[in-house]
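Using the working numbering, you'd call the opening residue of the sequence shown number 21 and step up by one each time.
The beta carbon of each residue, even a glycine, is placed where N, CA and C say it ideally should be.
To start, the structure itself, in structure tokens.
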Amino acid sequence: MSKTIPVQKNDYIEAVFEDLTHDGAGVAKVDGYPIFVQGGLPEEKAKIKVIKTNKGYAIGKLIEILERSHFRVDIAKQDAHKYGGCQIEHISYEGQLKYKENMVRQVLTRIGKLEDVKVHTILGMEHPWHYRNKAQVPVGEKDGKLIAGFFKQRTHEIVDTNESLIQLPEINEAVQTVKEICSELRIPAYQEESHKGVIRHIMARYGKTTGELMVVLVTRTGEIPFKEKLVEQIIASLPQVKSIVHNVNSKRTNVILGDKTKLLWGNEVIYDYIGDVKFAISARSFYQVNPDQTKVLYEKALEYADLSGEENVIDAYCGIGTISLFLAQKARKVFGVEIVPEAIEDAKRNAELNGITNAEFAVGEAETVIPKWYKEGNNADVLVVDPPRKGCDERLLNTIIEMRPKKVVYVSCNPATLARDLRILEDGGYKTVEVQPVDMFPQTTHVECCALIELIK
Ligand code: SAH
21 MSKTIPVQKN DYIEAVFEDL THDGAGVAKV DGYPIFVQGG LPEEKAKIKV
71 IKTNKGYAIG KLIEILERSH FRVDIAKQDA HKYGGCQIEH ISYEGQLKYK
121 ENMVRQVLTR IGKLEDVKVH TILGMEHPWH YRNKAQVPVG EKDGKLIAGF
171 FKQRTHEIVD TNESLIQLPE INEAVQTVKE ICSELRIPAY QEESHKGVIR
221 HIMARYGKTT GELMVVLVTR TGEIPFKEKL VEQIIASLPQ VKSIVHNVNS
271 KRTNVILGDK TKLLWGNEVI YDYIGDVKFA ISARSFYQVN PDQTKVLYEK
321 ALEYADLSGE ENVIDAYCGI GTISLFLAQK ARKVFGVEIV PEAIEDAKRN
371 AELNGITNAE FAVGEAETVI PKWYKEGNNA DVLVVDPPRK GCDERLLNTI
421 IEMRPKKVVY VSCNPATLAR DLRILEDGGY KTVEVQPVDM FPQTTHVECC
471 ALIELIK
């Protein structure tokens, strides 16, 4: 790359996009110097305005597309649909799948140095819209009127909207209904700047297999004005509602939920099934947001684990025990470990709920608890990991290499850390047999993978 920067701020240039970044921006190059432009697609020629230059790259704005990619789709109201970060909704679904699959391949080769790894065709959705079973919608005020919708990208300005294209229709309906009721009852919206007002977020969760709905009202104040009327009207307008919860968050913070949760009406939890396993979901618990694809992902993990009923399985980063309980149906025993104590309480309750007695759960860091188990003589035939975006802790990977389980099944929401960790396992005597990308989050840049790793004799 040349030392001088070939473009300047406010320049208008014409360029062809060559690639997409991991966050969905188009990459154009001038003399090898990359310019990242949101909205640009590979093979498109476009007019770009340079917004900012840095030493190694520039940021540009898309002014006009001069030659259009056949993967581009028109979006009616681009801004209004950028809900919850639909960064790549301007790409056809076929194009999105191709982009994600390519990204997985590239990252495994570049970061993991896994030259000959088998990456399967990504498993996408038949209808890649209206899939999310959960919404958390910020509430505000504009011209004296209560509004709710989403934050405009990189701002704290709320855009009022009733329709998200990636949320389940039941979720959209719930949010809109609660918003209208709050508005009619004149319950004051929270005002971020002055830290006044009452209602901060409307949250809704829906069990797609049971049809049960939970509404969570997050407020700044300990009390909600017209609380009885509010609850009465929610019940009357949303027949699927099974749980109405009040959460108090009185802090100046971006974090949505506060520490205090009170039940206003109904049950504390709603239920949902993944396959045959039933889960209780509370206002606070982590639960996968795309129920259809979660089943696809977990079935793949189960297939890779290839259990006969004789195996001891460890499920690291187990959350509320979703994967553990799915595997327990086919294993001798499953040991789940997770850092959040409430999640482990949920996991134990979920085991009971399903009459599953061969699953045990422990609170702690996977990288501390699993080495301890190993020292105590508790080994595993199959080890499953499903870490957060930063991947597995190196201590855990080193312990796996010492323990030598026959199989490791790695469920990952970040191909870059998956690749890094696979390299460590390969250097420790393992082989990556295959990787299955699954599209859990259509219209966004996120991609989930399930990898099978085996011990080489
Ligand atoms: N397997 C679950 C949850 C996956 S999300 C599911 O599919 O639903 C990753 C989980 O790892 C979160 O629940 C998070 O709380 C937990 N976690 C994060 N760091 C951890 C650590 N060091 N040790 C154990 N669990 C951890």
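I476 is classed as exposed because its beta carbon has fewer than 16 other beta carbons within 10 Å across all chains shown.
If you check the CB distance, T73 and I131 do not come in under 8 Å.
By the neighbour-count criterion, in which a residue is buried when 16 or more other Cβ atoms sit within 10 angstroms of its Cβ, D51 is exposed. Pairing K199 with I254, the inter-Cα distance amounts to about 10 Å. For K154, the CB contacts under 6 Å within the same chain, skipping 5 residues up- and downstream, are R225 and V309 in chain order.
Within a 10 Å sphere around the beta-carbon of E358 sit 16 or more other beta-carbons, which makes this residue buried.
Pairing D406 with I473 gives a Cβ-Cβ distance that is not under 8 Å. Closest in C-alpha terms to K247, from the list N269, G144 and L205, comes L205. Linking F346 to G169 through their CA atoms gives a straight-line distance of about 35 Å. T419 sits buried, since 16 or more C-beta atoms from the chains shown fall within 10 Å of its C-beta. The C-alpha of H90 lies about 14 Å from the C-alpha of E38.
For C338, the closest of S305, Y324 and K172 by C-alpha to C-alpha distance is S305. Relative to the ligand SAH, T419 has its C-beta separated by 7 Å or more from all heavy atoms. A distance criterion of 7 Å places the beta-carbon of C338 in contact range of the ligand SAH, judged by its closest non-hydrogen atom. Within the same chain, Cβ atoms closer than 7 Å to the Cβ of Q28 are found at V70 and T73, the five residues on either side in sequence being excluded.
Nearest Cα to T452 within the set P462, V431 and V467: V431.
Of the candidates T239, T230 and Y450, T239 places its Cα closest to the Cα of I222. In the structure shown, G144 adopts coil according to DSSP, grouped into three states.
For R152, the beta-bridge partners assigned by DSSP are Q187. Put simply, of D335, T129, R409 and E362 the residue whose alpha carbon is nearest the alpha carbon of N378 is D335. It is roughly 36 Å from the alpha-carbon of T465 to the alpha-carbon of S328.
The Cβ atoms of N267 and L258 do not sit closer than 8 Å to each other. Comparing alpha-carbon positions, the option among N269, I294, I301 and V236 lying closest to L284 turns out to be V236. A contact is defined here as three or more CB-CB pairs under 8 Å, and the region 379 to 391 meets this definition with respect to the region 348 to 367. In this structure, the beta-carbon distance from L143 to D459 falls below 8 Å.
Excluding sequence positions up to five before and after T437, its CB lies within less than 8 Å of the CB of P407, R409, K410, G411 and C412, all in the same chain and listed in chain order.
Rounded to whole angstroms, V354 and T314 show a C-alpha spacing of 20 Å. Inclusion of I343 in the 7 Å shell around the ligand SAH follows from its C-beta lying nearer than that to a non-hydrogen atom of the ligand. Between the alpha carbons of I290 and A303 lies a gap of roughly 9 Å. Per the DSSP secondary-structure output, G356 pairs in a beta bridge with D335 and F381. With a contact defined as Cβ atoms closer than 8 Å, V455 and V127 miss out at about 10 Å.
Here the alpha carbon of K262 sits roughly 14 Å from the alpha carbon of I191. Setting aside the 5 residues that flank it on each side, K426 is surrounded in the same chain by D401, V402, E474 and L475, each with a C-beta closer than 8 Å to its C-beta; the list follows chain order.
Distance from the C-beta of A363 to the nearest heavy atom of the ligand SAH is below 7 Å. Taking the Cα positions, V57 is about 16 Å away from C106. In this structure, the ligand SAH has a non-hydrogen atom nearer than 7 Å to the beta-carbon of E387.
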